[in-house]
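Asker: Read top to bottom, the protein sequences are chains A and B.
Counting in the working numbering, the first sequence runs from 175 upward without gaps.
Counting in the working numbering, the second sequence runs from 8 upward without gaps.
Think of the CB as a built atom: it goes at the ideal place given N, C-alpha and C, for glycine as much as any other residue.
After the structure tokens below, expect a handful of questions from me.
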Amino acid sequence: MKLDRRQSEPEKLDLTAMIDMTFQLIAFFMILINFSEVDRSEDIELPLSELAKPPREAADHEMVLNLLPEGSVVYSSISFPRGDKLKPYFERKIRDAKREGKEPADIRIVIRAHEDTPTGKVQELMAECEKASLSNFALRVKERVLGAQ
Amino acid sequence: MFSKSLKGTTQTPELEMTPMIDIVFQLLAFFVMTFRITALEGDFNIQMPIQSQAQSEIEDLDQPIVVTLRSGVNRRLGGIKVDDLPEFVGEDMFQKLAAEIQQRAERQRDPASDKKLIVEFVIDYDLRYSETIGAVTAVTGRKLPTGETQQLVDSIKFRDQGARLD
């Protein structure tokens with residue numbers, strides 16, 4: 175039997191739709207990726223509040239301090255047994271801010287404390303910051319979703 | 008024009024898609040694997056004495072409402088005291104605190120007055136941080152049915168260092 179020559183040609187697959195969809199998926203994940211998670215400690219369970227609102231604008235100078243219940247502080251993925259060990263980091267941050275004409279009060283100290291931490295330990299950490307003339311604090315909390323516990 | 012050979016036959020140029028698809032899928036796999044759904048986080052702004060010293064004298068003249076948080080069983084909130092009022096105890100402490108602050112806020116919402124409503128917290132050293140945040144939430148404001156937040160106080164301060172209120 176004689177075969178039709180046209181049948182032996184490889185069939186072309188239209189990839190346009192698949193590529194369109196794949197690029198859309200990539201765009202979606204790229205937009206949602208959160209690089210700020212490097213500042214977050216995995217061990218911290220933040221307290222909940224229904225009034226939690228993400229800051230409207232990011233501060234130019236910010237330090238995110240993670241406070242664990244026993245009083246150790248995690249900053250930039252480095253663990254410090256006590257808040258007073260952060261003094262050189264505070265000084266460096268103040269130097270960086272001053273180079274841009276900012277005052278220490280312009281540096282926002284974001285405290286991410288575990289919900290079981292004694293409040294006194296949070297205040298001790300704030301006192302350490304105050305010793306370095308840092309007085310602009312933000313206590314970070316997690317949004318309480320309505321209807322959830 | 009370029010697709011025509013000299014002999015006049017038509018040839019469409021072949022675009023090699025395989026490397027692009029490889030890369031695109033690798034990118035997609037990276038983003039899918041690093042993607043994590045996290046709950047929304049927000050901040051409560053707190054002023055400490057250094058900053059308040061630098062503020063205007065008018066604000067310094069405003070007397071803050073002193074809210075004292077006492078630690079109770081299992082470091083849970085045992086009682087809330089607002090200035091010299093009798094201590095709030097029981098399940099509905101936060102509601103009572105919010106009602107008291109709202110009452111004072113409404114009293115001070117006199118357009119002729121430029122007085123600011125400041126709340127200063129005196130907190131038991133051992134009190135769980137979650138309880139402190141509960142009290143800070145109660146004085147900060149309330150969620151309206153429209154979803155917006157009604158701000159009650161202008162400023163929140165912590166009195167330096169946790170006190171032992173035994």
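Leaving aside the five residues before and after A:SER307 along the sequence, list all residues of the same chain whose C-beta is less than 8 Å from its C-beta, in chain order.
Answerer: In the first sequence, the residue the question calls residue 307 of chain A occupies position 133. Within the same chain, A:SER307 has close Cβ partners ILE268, PRO278, ALA279.
Asker: On the criterion of 16 or more Cβ atoms from any shown chain inside 10 Å, does A:THR293 qualify as buried, or is it exposed?
Answerer: Numbered from 1 along the first sequence, position 119 holds the residue referred to as residue 293 of chain A. With 16 or more other Cβ atoms within 10 Å, it is buried.
Asker: Does the beta carbon of A:GLU224 sit closer than 8 Å to a beta carbon anywhere in chain B?
Answerer: In the first sequence, residue 224 of chain A corresponds to position 50, counting from 1. At least one chain B Cβ lies under 8 Å of A:GLU224.
Asker: For the 8 Å Cβ check, are there 3 or more pairs between the stretch 124 to 134 of chain B and the stretch 158 to 166 of chain B?
Answerer: Output reads yes: the stretch 158 to 166 of chain B touches the stretch 124 to 134 of chain B.
Asker: Are any of the Cβ atoms in chain A nearer than 8 Å to that of B:GLU64?
Answerer: Counting from one through the second sequence, the residue named residue 64 of chain B turns up at place 57. Because B:GLU64 carries a pLDDT of 46, less than 50, the predicted location of this residue cannot be relied on, and no value is offered for it.
Asker: Quick one: any contact between the stretch 234 to 254 of chain A and the stretch 23 to 30 of chain B, if contact means 3 or more CB pairs under 8 Å?
Answerer: Because the criterion of three Cβ pairs below 8 Å is not met, the stretch 234 to 254 of chain A and the stretch 23 to 30 of chain B do not touch.
Asker: Output, in sequence order along the chain, the residues in the stretch 34 to 53 of chain B whose CB is closer than 8 Å to any CB in chain A.
Answerer: The residues in question are LEU34, LEU35, PHE38, VAL39, THR41, PHE42, ARG43, THR45, ALA46, LEU47, GLU48, GLY49, ASP50, PHE51, ASN52, ILE53.
Asker: Within 8 Å of any Cβ in chain B, is that where the Cβ of A:GLY245 sits?
Answerer: Mapped onto the first sequence, residue 245 of chain A falls at position 71. No, because no Cβ of chain B sits closer than 8 Å to the Cβ of A:GLY245.
Asker: Check whether the Cβ of A:GLY294 lies closer than 8 Å to any Cβ atom in chain B.
Answerer: Here residue 294 of chain A is taken as the residue at index 120 of the first sequence, counted from 1. Judged by the 8 Å Cβ criterion, A:GLY294 is in contact with chain B.
Asker: Here's the rule I'm using: 16 or more other beta-carbon atoms within 10 Å means buried, otherwise exposed. How should A:SER309 be labelled?
Answerer: In the first sequence, counting from the first residue as 1, residue 309 of chain A sits at position 135. Its Cβ being crowded by 16 or more others within 10 Å, A:SER309 is buried.
Asker: Are the beta-carbon atoms belonging to A:ARG282 and A:ALA312 less than 8 Å from one another?
Answerer: Mapped onto the first sequence, residue 282 of chain A falls at position 108. Mapped onto the first sequence, residue 312 of chain A falls at position 138. Cβ atoms of A:ARG282 and A:ALA312: closer than 8 Å.
Asker: Alpha carbon to alpha carbon, what distance is there between B:ASN81 and B:PHE51?
Answerer: Against the second sequence, residue 51 of chain B aligns to sequence position 44. Against the second sequence, residue 81 of chain B aligns to sequence position 74. Roughly 25 Å separates the two Cα atoms.
Asker: Name, in chain order, the residues that DSSP records as bridge partners for B:ILE50.
Answerer: As a first step, residue 50 of chain B is located in the second sequence; it is residue number 43 there, counting from the start. The sequence given here places Asp at residue 50 of chain B; Ile does not occur at that position. In DSSP, B:ASP50 forms a bridge with A:ARG314.
Asker: Just the C-alpha distance for A:ILE252 and A:CYS303, rounded to the nearest angstrom, thanks.
Answerer: Taking the first residue of the first sequence as position 1, residue 252 of chain A is located at position 78. Taking the first residue of the first sequence as position 1, residue 303 of chain A is located at position 129. Distance between the alpha carbons of A:ILE252 and A:CYS303: 17 Å.
Asker: For A:THR291, which three-state DSSP category applies?
Answerer: Mapped onto the first sequence, residue 291 of chain A falls at position 117. Residue state, collapsed to three classes: coil.
Asker: Give the single residue among A:MET195, A:LEU222, A:THR190, A:GLN198 whose Cα lies nearest to the Cα of A:GLU317.
Answerer: Translated into positions along the first sequence, residue 317 of chain A becomes position 143. Selected option, being the one with the closest Cα: A:LEU222.
Asker: Tell me the DSSP secondary structure of B:TYR132 in three-state form.
Answerer: Working through the second sequence from its first residue, we reach residue 132 of chain B at position 125. The answer is coil: DSSP assigns B:TYR132 none of H, G, I, E or B.
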